[in-house]
Each structure stands twice: as structure tokens, then as C-alpha cells.
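Here's the structure we're looking at; comments come further down.
Residue numbers (our numbering), protein chains in the order written: chain A, 88 to 487; chain B, 11 to 404.
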């Protein structure tokens, strides 16, 4: 493995971002909710413990200020997503600051574990920047406590509660928490990647399907029957409601668009309509590659989908040539067949250049779909691979 | 080690089974470090020397067992042992010394359990750690509470531990919810894509037959390249390429005879049937994982529109906000589906009449994914009429 790999489909980045933001709102609510519970618990304790109001009030104000700021930013997040992102940093810094203030104000070791709670609470964001800020703040606070308040951890009957041990185990704990947060964050990325990738693959598969349907002359050629039925039905529907037929003119425009009449001519026939109207209506045509055609195609394939619960967690959906259940021989064969098929090329598909094949396999996520030993041999012996291909298919790859 | 670290940094590309293994190795590394640190720390503990030696040896033995389990692919068993291990080391510290750093082991044990993100493990072992933590706080309060501490600090210790437990429980539940939803969507997408690729395979076959060409797996140049390459790779990895040649023969043979014929043939050995079954997902003449991966590779190079916000939306209201146009769109789609049904039933004439009469075209489709509530209400109110006018496909 050399450098970090990219995704084969560049488009998935935007959808990943969308998924991230979609879930961020819920995470903000959870974090703010728990922080609010912490406020209630802290205030209840301070009042029961009869702490001075000069201590209670500033702390309560700090809690409320952070919650209010987070609330406002989350609300603005409806309009602009960047506010949602800022909100998580406000909560991160705010929560650590409040807990540090509590430790200083109450001077009790019992408050220190609140730092752990805050760390884990913020881990819900599953965000690398939040994790880095949390780590720095956590470490800073621990070192600050040990240096500034060395007696804070000197319990009544502490056998060996040295500050060194405390710092040492806190760092060990932080390492465990960081590793845990990091891997959980990556697991989330895996799902986001798979969903985004599937969306893009679906989009492009529909494109390909429409293209092949056209290529094999299997697509519908006569659209008139669609509109004949449509006209009849909508007339009957209007009659049933005893209302004038408001659909007719638009159907006539659709027929004109279907017959590829120029916009000028259509607008002459229907002066109440604009170019924007025609653009919008053209998306409703049944003809090749229209937006409506894509929806209809998807609906026709969605019809028979029935997913069982046990299937949801099955690993078989992850397609790769690096399946744990396969022996190394089968993994080799899988990769070789894939590689040679690409080199030979599929009849009906556009040819992919050798450089493009090499780049996709070695520099994108395809890299991880192949056994690492096989991949290493491919990378180190690309010229041998090429020679074998040339020997079989001649210069320039497969005949098509 | 270098390879492992690179895997850790690229976990987002790996399937769950691989990630689970990585997690286990990381926990084992962490526990090994803790165990090594425990050796000097044991001098502070109130145990006899024999007890200390037995415990430390026992911990190392458990580490070795975990290692063996991982080597033999028993990841789940090793995970359970690693959790029990973390609880044992926690008990060793907390029963050996009363101090704040020993108390931290309750948090360390909980964070190890959380790491695996498995709800039932967390509920079982996490709750146990929580109960032990509360018991420890009240039993050994002198080791935790300072002389000038605030009142009721032992209760704060317990409350914060409970909060930590609950926050992580929320985290696990939240993840479960998100991952279940995402997984469902992912699996559903895979099913749909599989259907698209059924048609793509059909069209490609059509193109091939029109061109009067033999299937790719029958092509001698293809076979030559595949045999030579697989032999070359096998020789690099296993120093012997003979076995792979036999497997490649079997692979081509499956294409000729069909996987089911081989599986059902009583004269073929079980081992060969098992291998054939494993190779089945890589066949080229069916809509297999192999075909899907080849097509998905190809489409990367097909021309496509640049990314726009609604790229993956298949909702009619994203095409037009006008209700009359949404109704027109609905009717056109309905007609499209009726024609599709007509075409598919042509292949199965026996069921044709039955299908046409009984099947509700939209019965198994989640209409909310494509249409607004108003359009769905329009359909529900006018079903019979729609069927009467739009299902007649001639």
C-alpha cells in the first residue's frame, strides 16, 4: 500500500457530505440533550450541597450560554450547513471548558471522570477534528490538574496514588479512547462510502442500461400510445370531476417535445408558455434518457425487492476479490479473470486504456478489493503482466 | 506491522469482518501493554507474591490463547476473551490497591467493551463493570475521597460512572440505528443494481450474438492470458503454479457445464463441488459478483452529467412542482410499468392472463419514495379508473 487511495467515483464525495450533514443534526440533539441533563444534575447537586450562589450562578450561566449558542447555530444550520459544523466545535470547546471550571471550582477528584464522559459524548460526532480538539483539551486539563493541584488526588487512604500513575493511566486511557473513536469513525465512513458509491453506481447503471437499450434497438419507439391512453384517461377524469380538462394543452406540448419540434414552433402554438415551462415539461417526456424515463426504469426494478432482516447484516453484499472465505488460489483466479476481461474488453462497451485500468486498480478503492499479496505482485510486475497480455492478444490489448 | 498500521489508517475501505479483526488486534496490543505495565505496578498491590505471579502468568496465558484463536479465525471467541481479560485486569488493580488510578480501570474496561460496538456484549459486561464500579466506590471510598473533598463525592463518582455508561449506551444505540438504516438502504440498492445488471447482461449477450462472436470465456486468447497470469502470480506467492492450473481448468469447465450440473452430479467429489461453488460468484456468463464488478469498472469511464444536488433523486416532485404535471408524470410512469409487465408476461404466456388480472402494478413499490402524498392519494382514489384506461397497453 503506497499512498492513501481515492474513490473510483469522484461524485460520491458530495453525497458523503450530504449523509454526514443529514446525521449531524441528530447528533447535535443528542450531545446538547446530555449536556442539558448534566446541567440539571450539577445544579441540583450544588443547591443540595448548599454551595454559594457566587459559584452556582456563573457555572449555570456558562452551561446555558453554550447550550443557547449551540441551539442558535443548529437553527441556522437549516439554512447553511456550515453553522451545524461550527455548532459541534462550540459544544466541544464549551463542554471541556465547563468541566475544567467545575474541577477548579469544586476541587474534587470525583469531577475528573466527567472529562471521560465529555470525551465519549463528543465521540458521537465521529469527526476527526472534534477528536483532535478533545484529545488536546483532555491532555491539557489532566496535566494542568497534576501541575496546578498536586494534592487534588491525594486521597485519605491512598496507597500509591501518585500523580505520575494518575497521568500515566490517564494517557493510556486516552490512547484507548482515541483508537476507539478513530476506528468507529472509519466504520461510519465505510457505510457512507458504500451508500454513496451504490447511488453513483445506480445512476451510471441506468445510463448504461438506457444506452444499451438504444444500441440493441430494444427501446420503445412508438410513444404515441402513451399519450393516447393518457389523453383518454385525463379526459374521463376531468369529466368525472365535472371540471374542464386542464391537462390537455400540456399533453399536446409533451407530444410536440416527443416529436422533437423546436421550442419556437411550440411556443407559437402555445403562447401562454415560456422556455422554462418547456424545459420543465421536457423532463416529463417518456423518450430516451429523460428524467422521467430514469424514474420509471428504477420503479420497474424496485418492484420485486424484498429484503429479509438477516440479509441486512450479511457480508455477502460486499463485492470483492478478497473474500475471507476464498482460498488464495481462488482470489488469484478472481483477480486474473477480472484483469484479463478488462484487457480484452467487452463487446458493446467502450474500450478502457491500459493506463486507465492500471490507475483504477492501483490508485483507487479497487485496490482494497484485491488480495494484498496479489496486488503487490501486480504493482511490482506490471511489465510482466503487460507482456503476457500482449503475447495473448497482441499489441494494444484485446480484439473486440 | 507497517502493513497493519496502513490497514488501520484505511479501515473505511474494509468490510466489517476485517475491521473486527483489526479492532481485536488493537485491543490485544493495548492489553499486552497494560499487562507489561502491571508487572512493576504489582509491587504496590496488597497480594502475596505467589498470587501476583499466578495472576500475571495467567494474563499472559490468556493473551496467548487470544492470539491462537485469532490465528485460527475464531475472532468472536477472541473478542469475548479480550473483554473478560479487561475485566480481570480491572479486578486485579481495584482489589490490589485503593487509588484513583485503579478506579480509572473501570473506565478503561468499559471503553474496551464499547470499542467492539456490540450492544449485547455492552449490556452484559458493561453492566457488570458498572455494578463493580459502584461497589468499589462505596467500599474503598478512602482511596478516592480527599480530606477536604466536597460532600457526597462518592455519590458523584458513582453518578459520573453511570453517566459514562449511559452516554456510551446511547452511542451504541445511535450507531445501531444509523447502521441498520444505512445497511438496509445499501442492501436494497444492491438488489436494484443487480436487476439493472440482469438487463445489461441480456443486452450485452444480444450484442455479442448479433456480432456472431463466441463468449469471452471460450476465447482461446483470453484463456491463454488467464492461465499464464494466474500461474505467474501463484508461483510468486506459493512457489508452485500447478494447483492453480487445475483450478483454472475447473473454472472454464463450470462455464461449459453450468454450476448446477456440477453441484448435482453425484460422481463429482464434495471438495470439487465446494470449490466450484466458491468459483460460482466469479463466473462470466451470469450476473455474478465478477460481472457486476466488471460493469461497475466500465461505467466509471462512461460519460456522465456533472454532479448536481438532485443527482440521486428519483422523485417526481423534483422534476416539477406543479400538481397537474405530477399527475401527468404519474400516469406516464404507470403506462410504462404496464407495458413492462406486458413485455415480461409475453415470455410466460401461461400466466399472462392471470398476472394481468390479479397484479396490482404498484402494490410492491414504496410510492412515497417517488411521489408526493397528493399524487398517492390521487392514485388511491382513482385506482379502478387508472387501471381501466392506462393498463390497456395495446
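The C-beta atom is built at its ideal place from N, Cα and C for all residues, glycine as well.
Candidates the options: closest to residue i by CA position
{"i": "residue 239 of chain B", "options": "A:430, A:276, A:377 and A:225", "result": "A:430"}
{"i": "residue 103 of chain B", "options": "B:55, B:88, B:342 and B:137", "result": "B:55"}
{"i": "residue 230 of chain B", "options": "A:394, A:181 and A:476", "result": "A:476"}
{"i": "residue 288 of chain A", "options": "B:28, B:201 and B:213", "result": "B:201"}
{"i": "residue 64 of chain A", "options": "A:260, A:190 and A:137", "result": "Any property of residue 64 of chain A remains undetermined from this structure, which presents chain A solely from 88 to 487."}
{"i": "residue 123 of chain B", "options": "B:89, B:107 and B:161", "result": "B:89"}
{"i": "residue 262 of chain A", "options": "B:40, B:371 and B:33", "result": "B:40"}
{"i": "residue 346 of chain A", "options": "A:372, A:329, A:389 and A:115", "result": "A:372"}
{"i": "residue 94 of chain A", "options": "A:183, A:268, A:449 and A:211", "result": "A:449"}
{"i": "residue 382 of chain B", "options": "B:324, B:345 and B:371", "result": "B:324"}
{"i": "residue 192 of chain B", "options": "A:147, A:110, A:348 and A:421", "result": "A:110"}
{"i": "residue 236 of chain B", "options": "A:114, A:423 and A:350", "result": "A:423"}
{"i": "residue 180 of chain A", "options": "A:225, A:350 and A:369", "result": "A:225"}
{"i": "residue 469 of chain A", "options": "A:186, A:455, A:442 and A:160", "result": "A:442"}
Residue-level contact to chain B via CB, residue i, 8 Å cutoff
{"i": "residue 236 of chain A", "result": "no"}
{"i": "residue 266 of chain A", "result": "yes"}
{"i": "residue 195 of chain A", "result": "yes"}
{"i": "residue 299 of chain A", "result": "yes"}
{"i": "residue 446 of chain A", "result": "no"}
{"i": "residue 303 of chain A", "result": "yes"}
{"i": "residue 435 of chain A", "result": "yes"}
{"i": "residue 102 of chain A", "result": "yes"}
{"i": "residue 357 of chain A", "result": "no"}
{"i": "residue 386 of chain A", "result": "yes"}
{"i": "residue 200 of chain A", "result": "yes"}
{"i": "residue 389 of chain A", "result": "yes"}
{"i": "residue 166 of chain A", "result": "no"}
{"i": "residue 175 of chain A", "result": "no"}
{"i": "residue 466 of chain A", "result": "no"}
{"i": "residue 182 of chain A", "result": "no"}
{"i": "residue 294 of chain A", "result": "yes"}
{"i": "residue 221 of chain A", "result": "no"}
{"i": "residue 274 of chain A", "result": "yes"}
{"i": "residue 121 of chain A", "result": "yes"}
Chain A within 8 Å of residue i, Cβ atoms only
{"i": "residue 33 of chain B", "result": "yes"}
{"i": "residue 114 of chain B", "result": "yes"}
{"i": "residue 392 of chain B", "result": "yes"}
{"i": "residue 327 of chain B", "result": "no"}
{"i": "residue 206 of chain B", "result": "yes"}
{"i": "residue 303 of chain B", "result": "yes"}
{"i": "residue 118 of chain B", "result": "yes"}
{"i": "residue 360 of chain B", "result": "Bear in mind that a pLDDT of 48 at residue 360 of chain B, under 50, signals an unreliable position, so the model cannot answer this."}
{"i": "residue 45 of chain B", "result": "no"}
{"i": "residue 287 of chain B", "result": "no"}
{"i": "residue 20 of chain B", "result": "yes"}
{"i": "residue 48 of chain B", "result": "no"}
{"i": "residue 397 of chain B", "result": "no"}
{"i": "residue 364 of chain B", "result": "Only weak support is given to the placement of residue 364 of chain B: the predicted model assigns it a pLDDT of 49, under 50, and the value that follows is read from those uncertain coordinates. Output row for residue 364 of chain B: interface = no."}
{"i": "residue 367 of chain B", "result": "Below a pLDDT of 50, predicted positions are generally treated as unreliable, and residue 367 of chain B, at 47, falls in that range; no measurement from the model is reported."}
{"i": "residue 250 of chain B", "result": "no"}
DSSP bridge partner residues for residue i (one or two, in chain order)
{"i": "residue 408 of chain A", "result": "A:457"}
{"i": "residue 93 of chain A", "result": "A:451"}
Residue burial classification, residue i (beta-carbon count within 10 angstroms, cutoff 16)
{"i": "residue 382 of chain A", "result": "buried"}
{"i": "residue 204 of chain A", "result": "buried"}
{"i": "residue 360 of chain B", "result": "Residue placement at residue 360 of chain B is poorly supported in this model, since its pLDDT is 48, which falls under 50; the coordinates still yield a value, given next. Exposed."}
{"i": "residue 219 of chain B", "result": "exposed"}
{"i": "residue 196 of chain B", "result": "buried"}
{"i": "residue 196 of chain A", "result": "buried"}
{"i": "residue 267 of chain B", "result": "exposed"}
{"i": "residue 250 of chain A", "result": "buried"}
{"i": "residue 320 of chain B", "result": "exposed"}
Check: If you pair each beta-carbon of the stretch 129–141 of chain B with each one of the stretch 167–175 of chain B, do three or more pairs fall below 8 Å?
Finding: With contact defined as three or more Cβ pairs closer than 8 Å, the stretch 129–141 of chain B and the stretch 167–175 of chain B are in contact.
Check: Is there contact between the stretch 83–95 of chain B and the stretch 152–164 of chain B, where contact requires at least three CB pairs shorter than 8 Å?
Finding: With a cut-off of 8 Å, the stretch 152–164 of chain B and the stretch 83–95 of chain B do not count as touching, because too few Cβ pairs lie within range.
Check: Do the stretch 277–288 of chain A and the stretch 251–260 of chain A touch if we need at least three Cβ pairs shorter than 8 Å?
Finding: With a cut-off of 8 Å on Cβ pairs, the stretch 277–288 of chain A is not in contact with the stretch 251–260 of chain A, counting fewer than three such pairs.
Next item on the list: Flag this pair as touching only if the stretch 295–303 of chain A and the stretch 40–54 of chain B have three or more C-beta atom pairs under 8 Å; answer yes or no.
Entry: They do not touch, by the three-pair rule.
Check: Per the contact definition of three or more C-beta pairs closer than 8 Å, is the stretch 282–291 of chain B in contact with the stretch 409–422 of chain A?
Finding: Between the stretch 409–422 of chain A and the stretch 282–291 of chain B there are three or more inter-stretch CB-CB distances shorter than 8 Å, so the stretches are counted as touching.
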